[in-house]
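In the UniProt record's numbering, the protein residues as written are 1 to 70.
Glycine residues also receive a C-beta, built at the ideal position from the N, C-alpha and C atoms.
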């Protein structure tokens with residue numbers, strides 16, 4: 001049996017705000033990813049973008065790889 005949610009600490013923003021990438025199952029059983037930007041201080045707001053598919057996450061990784069090769 002696989003866990004319902006898996007969290008990865010993926011680093012920080014350039015403003016030192018922690019970033020987490022969370023894999024979970026949607027109500028229909030599909031995999032979805034959510035990227036969270038957490039607070040680094042009391043003045044920060046938490047933000048997230050959710051409902052990302054595997055293909056979107058892979059496309060972001062490919063974009064970063066392409067830029068590194070430039």
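By how many angstroms is the C-alpha of residue 23 removed from the C-alpha of residue 13? 20 Å
Judging by CA-CA distance, which residue of 69, 19, 4 is the nearest neighbour of residue 31? 4
Best match in 56, 16, 2 for proximity to residue 41 [C-alpha to C-alpha]: 16
Tell me which same chain residues have a C-beta within less than 7 Å of the C-beta of residue 7, skipping the five on either side of it? 20, 22
Give the range of the alpha helix (DSSP H) segment to which residue 47 is assigned. Here residue 47 belongs to no alpha helix (DSSP H); instead the beta strand (DSSP E) covers 47-52.
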